[in-house]
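Protein chains in written order, with the working numbering: chain Z, 1 to 236; chain W, 1001 to 1267. We put the CB at the ideal spot given by N, CA and C, even for glycine. Every value quoted in this text rests on a predicted model; they were computed, and no experiment measured them. Some notes on the structure that comes next.
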């Protein structure tokens, strides 16, 4: 029997009566780069948060490598949220020490190497950094872990095209062997070339889940073209 | 893991508290220094009076800021953006809350000690009051009321320490409950605090009244007033309130843990 890194069964989350996710059944295999694709408000971030235990399901279950989200799963899941969680008063090296102390799989040397490649000063306070610089530091912290699952929520959403290229390269070249990378984005064109599988999510439900090659073959079009067709906002 | 959480909580908050203590120490020395100026110039004496008045605002301000900082930090690191980091640490929610509570408690305690030391210094040096003899005469007056003065002092001290813990946890539970409100968490937390604090005050008042009433019944309501106002009566009342606050503090801790574990809403 195949074991999955993420298993969702009837997973439901509603906010004040409105469903963000409804009855989702989804199994994500190990060792793949998977795109969680959908327009804004489709439920991508909610799913990411449920996997990371930042929200509690209204119904159904979610298992991460066989465990419900909690301290155990957090020790092997590396999460990059779509917002800045760094405390402005801290310096980069303090955050690196913090990560190294709490996560047994954190590689301090790798973090400093990436910092130097990106010419980021470890003595700089986050207060003195631009939004883009903070996003890069967050990505470095997340990718310096040898995690079993990386959850990257819109990692290229707020950066310029040149930085997107670097970020995607950083992700591909730094994720641990046999780990799964789950990337949530609506910038399909940018990530298409690195994905093994794609999950199309719409109105809180899974529309499609297949390998990228299979999708291309069946629909005879690129993932980006398929996405545009599935999620078009107007009719001709 | 708890040890690491406490270590980093101390590390990340010590600077802010240190700054507050530095301001207090500097202004305390400044006010004491003002006492060295002897002049009959009304403008200078007026200015000195004004600056001395400001001292009490600084003293009060440091105490308020220390509490405010503990509350804001808990909110920011638990239910706002920084919560994304806090809640993805491989640590139990109970340990995270406990670490924040312990550090906040230590700094609250230190703040009160330093504020009291500062006030005593200013009062004794600037206003030329002999604190030792004032304390001695207060003890004598209490002794005259009858009962064991040492026990009332210990009861008062324990009550103050428990009350401080209970206050911090009341803020925490308000945030834990308030964050569940969709839309505006800050409003939820403020409303939560108002409701929880009122409910708890009512409970404390009812229990205190109940204890006094039971004491009255056992006395056949004879000498009720004197039994409550006596030193031993006061000590008993303090002991009851201390136990009650301790129980409420423990309940608040578990309710906060439950809310942030089972009802976390980082949305």
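| query | residue 1266(W) and residue 1087(W): beta carbons closer than 8 angstroms? | reply | Locating residue 1266(W) in the second chain gives position 266, where the first residue counts as 1. Locating residue 1087(W) in the second chain gives position 87, where the first residue counts as 1. A contact, by the Cβ cut-off of 8 angstroms.
| query | Just to confirm, are residue 1131(W) and residue 1123(W) a CB contact at a threshold of 8 angstroms? | reply | Taking the first residue of the second chain as 1, we reach residue 1131(W) at position 131. Taking the first residue of the second chain as 1, we reach residue 1123(W) at position 123. Contact: yes.
| request: Using beta-carbon positions only, say whether residue 1252(W) and residue 1173(W) come within less than 8 angstroms of one another. | output: Locating residue 1252(W) in the second chain gives position 252, counting from the first residue. Locating residue 1173(W) in the second chain gives position 173, counting from the first residue. Closer than 8 angstroms, so yes.
| query | Three-state secondary structure (DSSP) at residue 147(Z)? | reply | The residue you call residue 147(Z) lines up with position 147 of the first chain. Looking at residue 147(Z) - three-state DSSP - the assignment turns out to be coil, as it is neither helix nor strand.
| request: Could you name the residues of the stretch 1070-1082 of chain W whose beta carbon sits closer than 7 angstroms to any beta carbon of chain Z, in the order they occur along the chain? | output: Only those residues of the stretch 1070-1082 of chain W whose C-beta falls short of 7 angstroms from the nearest C-beta of chain Z are listed: 1081 and 1082.
| query | Of all Cβ atoms in chain W, is any one closer than 8 angstroms to the Cβ of residue 87(Z)? | reply | The sequence position of residue 87(Z) within the first chain is 87, counting from 1. Yes, contact with chain W.
| task | Check each residue of the stretch 1175-1189 of chain W: if its Cβ is closer than 7 angstroms to any Cβ of chain Z, include it; give the result in chain order. | result | 1182
| Can you check whether the CB of residue 1080(W) is closer than 8 angstroms to the CB of residue 1005(W)? | Within the second chain, residue 1005(W) is the residue found at index 5, counting from 1. Within the second chain, residue 1080(W) is the residue found at index 80, counting from 1. No.
| message | Counting only C-beta atoms, is residue 1066(W) closer than 8 angstroms to chain Z at any point? | response | The residue labelled residue 1066(W) in the question sits at position 66 within the second chain. It does not; no Cβ of chain Z falls within 8 angstroms.
| field | The beta strand (DSSP E) enclosing residue 110(Z), as first and last residue numbers | value | Translated into the one-based positions of the first chain, residue 110(Z) becomes position 110. For residue 110(Z), there is no enclosing beta strand (DSSP E); the residue is found in the alpha helix (DSSP H) stretching over 108-117.
| request: Compare the C-beta of residue 93(Z) against all C-beta atoms of chain W and say whether one is closer than 8 angstroms. | output: Here residue 93(Z) refers to the residue found at position 93 of the first chain. Closer than 8 angstroms: no.
| If the cut is a Cβ gap below 7 angstroms, which residues of chain Z does residue 1036(W) touch? | Locating residue 1036(W) in the second chain gives position 36, counting from the first residue. Result: empty, since nearest Cβ-Cβ is about 38 angstroms, beyond 7 angstroms.
| query | At what residues does the alpha helix (DSSP H) containing residue 216(Z) begin and finish? | reply | Position 216 of the first chain holds residue 216(Z). Its alpha helix (DSSP H) spans residues 212-219.
| query | Between which two residues does the beta strand (DSSP E) containing residue 184(Z) stretch? | reply | To locate residue 184(Z), count along the first chain from 1; it is residue 184. From DSSP, the beta strand (DSSP E) with residue 184(Z) extends over 180-185.
| message | Does residue 1042(W) come out as helix, strand or coil in the three-state DSSP assignment? | response | Taking the second chain and counting its residues from 1, the one referred to as residue 1042(W) is at position 42. Residue 1042(W): helix per DSSP, three-state reduction.
| request: Tell me, please, which residues DSSP counts as bridged to residue 58(Z). | output: Translated into positions along the first chain, residue 58(Z) becomes position 58. Residue 58(Z) is not bridged to any residue.
| Inter-residue spacing [alpha-carbon to alpha-carbon] between residue 118(Z) and residue 36(Z) | Start at 1 with the first residue of the first chain, and residue 118(Z) comes out as number 118. Start at 1 with the first residue of the first chain, and residue 36(Z) comes out as number 36. Cα to Cα, the separation comes out at about 27 angstroms.
| request: Compare the beta carbon distance of residue 182(Z) and residue 150(Z) with 8 angstroms and say whether it is the shorter of the two. | output: The count along the first chain starts at 1 and reaches residue 182(Z) at position 182. The count along the first chain starts at 1 and reaches residue 150(Z) at position 150. A contact, by the Cβ cut-off of 8 angstroms.
| Can a CB atom of chain W be found closer than 8 angstroms to the CB of residue 134(Z)? | Walking along the first chain from the start, residue 134(Z) turns up at place 134. Judged by the 8 angstroms Cβ criterion, residue 134(Z) is not in contact with chain W.
| task | For residue 13(Z), I'd like the list of residues in its chain whose CB is within less than 7 angstroms of its CB, leaving aside the five on either flank, ordered along the chain. | result | Within the first chain, residue 13(Z) is the residue found at index 13, counting from 1. For residue 13(Z), where only same-chain residues beyond five positions count, the Cβ hits under 7 angstroms are 20, 21, 46, 50, 55, 57 and 58.
| request: Would you grab the beta carbon distance between residue 211(Z) and residue 44(Z) for me? Rounded to a whole angstrom, and I think it's under 8 angstroms. | output: As a working mapping, residue 211(Z) is identified with position 211 in the first chain. As a working mapping, residue 44(Z) is identified with position 44 in the first chain. Contact doesn't hold; Cβ gap of about 19 angstroms is too wide.
| task | Check each candidate in 1111(W), 1053(W), 1102(W) and 1074(W) and name the one with the smallest Cα separation from residue 1062(W). | result | Stepping through the second chain from its first residue, residue 1062(W) is reached at position 62. Taking only the C-alpha atoms, the option nearest residue 1062(W) is 1111(W).
| task | Starting from residue 77(Z), follow its DSSP beta bridges and name the residues at the other end. | result | Taking the first residue of the first chain as 1, we reach residue 77(Z) at position 77. DSSP lists 149(Z) as partners of residue 77(Z).
| request: Give a yes or no on whether 8 angstroms exceeds the smallest Cβ distance from residue 292(Z) to chain W. | output: Within the shown structure, residues of chain Z are numbered from 1 to 236, placing residue 292(Z) beyond reach of any answer.
| said: Just checking: is the beta-carbon of residue 155(Z) within a distance shorter than 8 angstroms of some beta-carbon in chain W? | reply: Walking along the first chain from the start, residue 155(Z) turns up at place 155. No, because no Cβ of chain W sits closer than 8 angstroms to the Cβ of residue 155(Z).
| With 16 other Cβ atoms within 10 Å as the buried cut-off, status of residue 10(Z) | To locate residue 10(Z), count along the first chain from 1; it is residue 10. By the neighbour-count rule (16 or more Cβ atoms within 10 Å), residue 10(Z) is not buried but exposed.
| For residue 230(Z), which residues from the same chain have a beta carbon less than 8 angstroms from its beta carbon, with the 5 sequence-adjacent residues on both sides left out? | If you number the first chain from 1, residue 230(Z) lands on position 230. Take residue 230(Z), set aside five residues on each side of it, and the residues of its chain with a beta-carbon closer than 8 angstroms to its own are 200, 202, 207 and 208, in chain order.
| Based on the DSSP output, what are the partners of residue 4(Z) in its beta bridges? | For this step, residue 4(Z) is matched to residue 4 along the first chain. DSSP links residue 4(Z) through a beta bridge to 29(Z).
| So residue 1204(W) and residue 1241(W) are in contact, right, with Cβ under 8 angstroms, and what is the actual spacing, rounded? | What you label residue 1204(W) is simply residue 204 of the second chain in a count that begins at 1. What you label residue 1241(W) is simply residue 241 of the second chain in a count that begins at 1. With 8 angstroms as the limit, residue 1204(W) and residue 1241(W) qualify as a contact, their Cβ atoms being about 6 angstroms apart.
| field | Cutoff 7 angstroms; reference residue 100(Z); Cβ partners in own chain excluding five residues on either side | value | In the first chain, the residue the question calls residue 100(Z) occupies position 100. For residue 100(Z), where only same-chain residues beyond five positions count, the Cβ hits under 7 angstroms are 106 and 108.
| task | With 9 angstroms as the C-beta to C-beta threshold (strictly closer), list the residues of the stretch 57-87 of chain Z near chain W in chain order. | result | 70, 71, 72, 73, 74, 75, 76, 77, 78, 79, 81, 83, 84, 85, 86 and 87
| said: Could you compute how far the alpha carbon of residue 133(Z) sits from the alpha carbon of residue 1015(W)? | reply: Here residue 133(Z) refers to the residue found at position 133 of the first chain. Here residue 1015(W) refers to the residue found at position 15 of the second chain. If I take the Cα positions, the gap works out to 25 angstroms.
| message | In the DSSP output, which residue or residues are listed as bridge partners for residue 1136(W)? | response | The residue you call residue 1136(W) lines up with position 136 of the second chain. Paired residue(s): none; residue 1136(W) is not in a bridge.
| Bridge partners of residue 125(Z), per DSSP? | To locate residue 125(Z), count along the first chain from 1; it is residue 125. According to DSSP, which records beta bridges pairwise, residue 125(Z) is partnered with 91(Z).
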